[in-house]
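Peer 1: So the sequence shown is residues 15 to 462, counted in this note's numbering. Ideal Cβ placement from N, Cα and C applies to all residues, glycine included. Note that this is a predicted model, so its numbers are computed, not measured. Dumping the structure here so I can ask a few things about it.
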Amino acid sequence: MSAAAAAPCRLARASPAREANAATAARRLRGARASPADLMLRGSGARAWSRVPAVSRAPARRRGLAPRAATASDGPFPYPVKDRTAKTLTLTIGDSEVTIETGRIGLQANGAVVVTEGETVMYATICAGREVTADGGFVPLTVNYQERFSAVGKTAGGYRKRDGGLRENETLVGRLVDRPLRPMIPKGWAYDTQIMEWVLSYDGVRSTDALAITAASAVAAISDVPLKKPIAGVRVGWAPGGSEPLINPTVEQMRDSRLDLVLAGTEDAVMMIEGFGDFLTVDEMLYAIEKGHEAVAKACKDIKAWAEEVGREKKTDKMLVAPEGVDAAVAEAVGPDLATAMAIGPKQMRGAAVEKVRNVAMDALKDQFQVRPATRREGAGARHPETIPSRRKRALTEGPSSRPTRGAEGERPNCRGRRTKPTVASNARSAHPGVAPGYFRRRRFARD
């Protein structure tokens, strides 16, 4: 450092600002408040202020100060402390062990589990909405399955970073999970429910589609979403020349397998089978399904017992259940009229007739049964035929338009009836070499 550069440092170390700031720090240690003059001096000489000894953080007793008096706000923590102790379950499916863990992460979801098979790790959550969005006749369930690139140590490059869009295999696995799980949720459950599954780590030993079914069942079993019975999924193979099926085979075993079967079910019955076989006999196929269901039934029993121990209480009181005797009362009030309305062929006319019968039934039974208010999807804020714009109302009442969909030669089809003339000239250089740009626009060849 040169003499010119070192001079400000010497001046800063010997400046009055450093002495004033040191005095202010000493008064702070004694509990006195800094004066306005001290505050003004504190801003002069940042280098000097940075060299002031650090303020002691010793306890009040050690510094000789009186401790702070207790106040009314110093009570216990007002919110319940969540138990983050891991609750685990180990399933033996074929030659592999599947570990299901809950209670450590995802505590704000209705349910969350971490499923491990070898070094494959899958994280599954289930979340339900707080508002009724359906009429109870169809379960509003959505299953999303995603395989992270980072699960196999890859980092996506190019324009679309991270994991990109949804791939076809992920969509098919989501359907495999949805198919056997949806019937297990009662139809009276009318809250939007979403199951999310992420493959966080993949070891490449076994496929994850059957594991995704088991993970979704486990997270639904421990959640407060109503579930009739837990399900489980297994993959069944058959080695060439073998006499016994392979339960949860590896990827290497499946390369030469005569059977590739994904089976899902409860402890009582088979819910779904999907796969193909290489000229297996009927007895071999039935025997493979039987062995697969034995593994599924054992896993379902273990999941059910585990869910009763660590799961949440089911929200059965929030289900939309039809009152007793309402079906017989509706059949007596509007049964013949409803049969006549359902026999109408055109869709728009049939819908209008059924709506009239529905209104008649509600007026007739409103004193006997309590009418549930319309939900957001089925009527709250919905647009009735009286409020539909005139063009749409005309299409609903008069049927499809008789306007031709394909115009005459040179006309543009499906343009709301506009009849445009064909373009007779172009302004491109390649189409008319040697013509200056704008020549046809000035001559207005395309507008005469």
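Confirm, please, whether the CB-CB distance from A224 to G256 is below 8 Å.
Peer 2: Cβ atoms of G256 and A224: not closer than 8 Å.
Peer 1: How would you call S221, buried or exposed, if buried means at least 16 neighbouring beta carbons within 10 angstroms?
Peer 2: By the 10 Å Cβ count, S221 comes out buried.
Peer 1: Between which two residues does the beta strand (DSSP E) containing T139 stretch?
Peer 2: First-last of the beta strand (DSSP E) with T139: T134 to V146.
Peer 1: For the putative contact between V112 and V129, defined by C-beta atoms under 8 Å, what is the C-beta separation to the nearest angstrom?
Peer 2: Confirmed, Cβ separation roughly 6 Å.
Peer 1: Measuring alpha carbon to alpha carbon, tell me which of E161, L334, L273 and V368 ends up nearest D350.
Peer 2: Per the sequence shown, the amino acid found at residue 350 is Pro instead of Asp. Nearest option by C-alpha distance: V368.
Peer 1: Suppose the cutoff is 6 Å on Cβ atoms and the five residues either side in sequence are ignored; what does the same chain contact list for G306 look like?
Peer 2: So the list reads V248, V250 and L277, once near-sequence residues are dropped.
Peer 1: Going by the beta-carbon positions, is the gap between K318 and P240 smaller than 8 Å?
Peer 2: No, they are not a contact pair.
Peer 1: Can you name the residues that DSSP bridges to D274?
Peer 2: G251 and F290, per the DSSP bridge assignment.
Peer 1: What are the boundary residues of the beta strand (DSSP E) that includes N158?
Peer 2: Residues L155 to E161.
Peer 1: If R162 sits next to V219, beta carbons under 8 Å apart, how far is it from one beta carbon to the other, in whole angstroms?
Peer 2: With a Cβ gap of about 17 Å, R162 and V219 do not count as contacting.
Peer 1: Where does the unbroken beta strand (DSSP E) through V128 begin, and where does it stop?
Peer 2: G125 to E131 is the extent of the beta strand (DSSP E) around V128.
Peer 1: If we require 4 or more residues per run, which alpha helix (DSSP H) segments fall completely within the segment 217-248?
Peer 2: Those alpha helix (DSSP H) runs which fall completely within the segment 217-248 and span 4+ residues are 223-236.
Peer 1: In angstroms, rounded to a whole number, what distance separates the CA positions of E288 and R272?
Peer 2: Cα to Cα, the separation comes out at about 14 Å.
Peer 1: Any contact of the segment 132-147 with the segment 197-212, i.e. 3+ C-beta pairs under 8 Å?
Peer 2: Yes: at least three Cβ pairs fall under 8 Å.
Peer 1: For Y205, count the other beta carbons within 10 Å of its own beta carbon; 16 or more makes it buried, fewer makes it exposed. Which is it?
Peer 2: With 16 or more Cβ atoms within 10 Å of its Cβ, Y205 is classed as buried.
Peer 1: So, Q371 versus L352, is the Cβ gap smaller than 8 Å?
Peer 2: It should be pointed out that residue 371 corresponds to Val in this sequence rather than to Gln. Yes, these two residues count as a Cβ contact at 8 Å.
Peer 1: Name the one or two DSSP bridge partners that M210 has.
Peer 2: The partner list for M210 (beta bridge, DSSP) reads T139 and N158.
Peer 1: Since E281 and K315 are thought to touch, with beta carbons under 8 Å apart, how far apart are those beta carbons, to the nearest angstrom?
Peer 2: That pair is a contact at about 5 Å.
Peer 1: By DSSP, does V95 sit in helix, in strand, or in coil?
Peer 2: In this structure, V95 counts as coil in the three-state DSSP scheme.
Peer 1: When the distance is taken between beta carbons, is A229 closer than 8 Å to G325?
Peer 2: In this structure, A229 does not lie closer than 8 Å to G325 by Cβ.
Peer 1: Assuming E281 is part of the beta strand (DSSP E), what are its boundary residues?
Peer 2: Segment: none, E281 is in no beta strand (DSSP E) and carries neither H nor E.
Peer 1: Could you check the C-alpha separation between P337 and Q267 for me, to the nearest Å?
Peer 2: Computed Cα separation, rounded: 54 Å.
Peer 1: Considering Cα atoms alone, identify which of L275, A355 and A313 is closest to G291.
Peer 2: Among L275, A355 and A313, the Cα nearest to that of G291 is on L275.
Peer 1: CA-CA distance, S164 and S215?
Peer 2: For S164 and S215, the distance between alpha carbons rounds to 7 Å.
Peer 1: Who does V371 pair with in a DSSP beta bridge?
Peer 2: For V371, which the question treats as bridged, DSSP gives no partner whatsoever.
Peer 1: Can you name the start and end residues of the alpha helix (DSSP H) that I119 belongs to?
Peer 2: That residue, I119, is in no alpha helix (DSSP H); it is neither H nor E in DSSP.
Peer 1: How many Å lie between G108 and E131 at the Cα?
Peer 2: So the two alpha carbons sit approximately 12 Å from each other.
Peer 1: Let me confirm a value: G473 is counted as buried when at least 16 other C-beta atoms fall within 10 Å, else exposed. Which label applies?
Peer 2: Any property of residue 473 remains undetermined from this structure, which presents the chain solely from 15 to 462.
Peer 1: A283: buried (16+ other C-beta within 10 angstroms of its C-beta) or exposed?
Peer 2: Exposed, because fewer than 16 other Cβ atoms sit within 10 Å of the Cβ of A283.
Peer 1: Closest to A375 by C-alpha separation, out of D381, A366, V335 and V344, would be which residue?
Peer 2: Per the Cα distances, V344.
Peer 1: Please classify V95: is it buried, with 16 or more other beta-carbons within 10 angstroms of its beta-carbon, or exposed?
Peer 2: Under this definition V95 is an exposed residue.
Peer 1: Name the DSSP bridge partner or partners of L9?
Peer 2: The chain is shown only over 15 to 462; residue 9 falls outside these bounds and no answer can be derived.
Peer 1: Quick one, which of A347, Q160 and W203 has its alpha-carbon nearest L189's?
Peer 2: Contrary to the premise, residue 189 reads as Arg rather than Leu in this sequence. Cα-wise, what sits closest to R189 is Q160.
Peer 1: Classify I317 as helix, strand or coil using the three-state DSSP reduction.
Peer 2: Helix at I317.
Peer 1: Among L105, T116 and S110, whose alpha-carbon lies nearest the alpha-carbon of T99?
Peer 2: The residue with the shortest Cα to Cα distance from T99 is T116.
Peer 1: With respect to the alpha helix (DSSP H) encompassing T185, which residues constitute its N-terminal and C-terminal limits?
Peer 2: Taken as a continuous stretch (DSSP letters only), the alpha helix (DSSP H) holding T185 covers E182 to L195.
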